[in-house]
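Residue numbers (the UniProt record's numbering): 1 to 373. Below is one structure; the comments refer to it alone.
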């Protein structure tokens, strides 16, 4: 792989690159043509202070783009993006290595390189750390996302020339209470897919959109009493958007939605996952729905057993819950067949899927038995 400097003649390829992917951890997650054209015109991609590079693979495919800012200063800042179809393949790690080598190879002898990301962008934070960058600052409520009208915490990572030249990492001497609160035994680099006897269970991908949309359209009527999303007919673009968000949330470790596929036929069976996560315990809640044409074949029980195994063995879960409406007989049967313990009924615990009626909630659980000894 290599960095290739962008030129103004490549305006259209750059616009295409930036508008055909979603950038969930950037201020503009869906940048439009007009915004990019204006930024190009104002020197936001090429000037004395800014340079832009393509990240190309060995086949000359443009897998990413990186901007370097403040190049007239001793401390440049960068922004690195990998296109959706090339994520999770290690290109971000290689791209950051290339950017670091470029900056510290400049004749001006830059003294440090830094980058910023949202606190919940776990994938990028791990990339920083693997390359040798050090967490240097935590800014609370400093990252505003206009589309969500919400503030996130921001994190700054940096590498000094001394560390780069020596191949060392010098940590900052400060107490990061939040990171200390995270259980150190958690394997944050767990795989995004695994299998059961009949199923491939994996992270949602945008290529699933057609199959998921068809399954939701077919099954919405039967699921309407219990699923919020089933209150209206599915809209294809909204299905794609929820898949994009689920994909990003998975790598942020905020929510672990999982899609289920028949290993032999490749058919989409349904959706499950680990939700309402509390990493400080760790504790998870399994949710699920199945395409109505695959009901009654034991797929969801099989998936639930395997997902629970994954949570205990890979995520060090101490407690897993299944919560469902008191009248959701099928969901309760899955919990019981998967050998979850029935803990009780929470009366008037929540509104139903339509938001119009109070409902009781059944609570099932499975725990790490070693914690009771």
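Idealized CB from N, CA, C, for every residue including glycine. Note that the structure is a prediction, hence the values are computed from the model and not measured.
Given a cut-off of 8 angstroms on the beta-carbon distance, is the pair residue i and residue j in contact?
i: residue 263; j: residue 198; result: yes
i: residue 66; j: residue 80; result: yes
i: residue 377; j: residue 206; result: Because the chain is modelled from 1 through 373, residue 377 falls outside the range shown and cannot be assessed.
i: residue 203; j: residue 260; result: no
i: residue 335; j: residue 228; result: no
i: residue 75; j: residue 114; result: yes
i: residue 345; j: residue 326; result: yes
i: residue 330; j: residue 282; result: no
Residue range of the beta strand (DSSP E) that residue i falls in?
i: residue 159; result: 150-160
i: residue 142; result: 134-145
i: residue 53; result: 51-56
i: residue 202; result: 199-202
i: residue 286; result: 283-286
i: residue 268; result: 268-278
i: residue 365; result: 358-367
i: residue 376; result: Examination of residue 376 is not possible in this model, given that the chain is present from 1 through 373 alone.
i: residue 77; result: 77-82
i: residue 69; result: 62-69
i: residue 115; result: 112-118
i: residue 228; result: Neither: residue 228 is in no beta strand (DSSP E) and is coded neither H nor E.
i: residue 349; result: 341-351
i: residue 260; result: 256-262
i: residue 323; result: 319-325
i: residue 375; result: Summary: the structure shown does not reach residue 375, with the chain confined to residues 1 through 373, and so no result is reported for it.
Applying the 10 Å Cβ sphere with the 16-neighbour rule, what's the burial state of residue i?
i: residue 7; result: exposed
i: residue 321; result: buried
i: residue 247; result: buried
i: residue 358; result: exposed
i: residue 303; result: buried
i: residue 271; result: buried
i: residue 364; result: buried
i: residue 158; result: buried
i: residue 47; result: exposed
i: residue 144; result: exposed
i: residue 351; result: exposed
i: residue 33; result: exposed
i: residue 167; result: exposed
i: residue 374; result: With the chain running from 1 to 373 in the structure shown, residue 374 is simply not present.
i: residue 24; result: buried
i: residue 170; result: exposed
How big is the Cα-Cα spacing for residue i and residue j?
i: residue 110; j: residue 134; result: 17 angstroms
i: residue 360; j: residue 339; result: 21 angstroms
i: residue 328; j: residue 226; result: 7 angstroms
i: residue 254; j: residue 117; result: 16 angstroms
i: residue 54; j: residue 5; result: 6 angstroms
i: residue 2; j: residue 49; result: 22 angstroms
i: residue 123; j: residue 300; result: 29 angstroms
i: residue 379; j: residue 192; result: The chain is shown from 1 up to 373; residue 379 falls before or after that span and cannot be answered.
i: residue 370; j: residue 316; result: 11 angstroms
i: residue 58; j: residue 223; result: 47 angstroms
i: residue 42; j: residue 324; result: 54 angstroms
i: residue 252; j: residue 258; result: 14 angstroms
i: residue 45; j: residue 106; result: 19 angstroms
i: residue 238; j: residue 95; result: 32 angstroms
i: residue 100; j: residue 274; result: 36 angstroms
i: residue 355; j: residue 269; result: 27 angstroms
i: residue 87; j: residue 93; result: 10 angstroms
i: residue 91; j: residue 83; result: 10 angstroms
i: residue 308; j: residue 256; result: 12 angstroms
i: residue 293; j: residue 217; result: 12 angstroms
i: residue 70; j: residue 15; result: 23 angstroms
i: residue 277; j: residue 285; result: 7 angstroms
i: residue 314; j: residue 131; result: 25 angstroms
i: residue 136; j: residue 155; result: 8 angstroms
i: residue 343; j: residue 362; result: 8 angstroms
i: residue 267; j: residue 291; result: 10 angstroms
i: residue 383; j: residue 142; result: This structure leaves residue 383 out entirely; the chain is present only between 1 and 373.
i: residue 140; j: residue 210; result: 39 angstroms
i: residue 164; j: residue 97; result: 11 angstroms
i: residue 21; j: residue 30; result: 8 angstroms
i: residue 184; j: residue 250; result: At residue 184, the pLDDT of 47 sits below 50, so the modelled position is not reliable; the number obtained from the coordinates is stated separately. Whole-angstrom Cα-Cα distance: 19 angstroms.
i: residue 219; j: residue 196; result: 24 angstroms
i: residue 288; j: residue 77; result: 43 angstroms
i: residue 310; j: residue 208; result: 22 angstroms
i: residue 68; j: residue 52; result: 6 angstroms
Counting along the chain, where does the alpha helix (DSSP H) carrying residue i start and finish?
i: residue 217; result: 209-223
i: residue 376; result: For the chain, the structure presents residues 1 to 373; residue 376 sits outside this window and is missing.
i: residue 17; result: 11-19
i: residue 251; result: 236-251
i: residue 100; result: 91-104
i: residue 122; result: 122-131
i: residue 329; result: 329-337
i: residue 33; result: 33-41
Does residue i have its Cβ less than 8 angstroms from a Cβ in chain B?
i: residue 231; result: The structure shown contains no chain B, having only a single protein chain.
Could you give the C-beta distance for residue i and residue j, rounded to a whole number, given that I count them as a contact under 8 angstroms?
i: residue 126; j: residue 188; result: 7 angstroms
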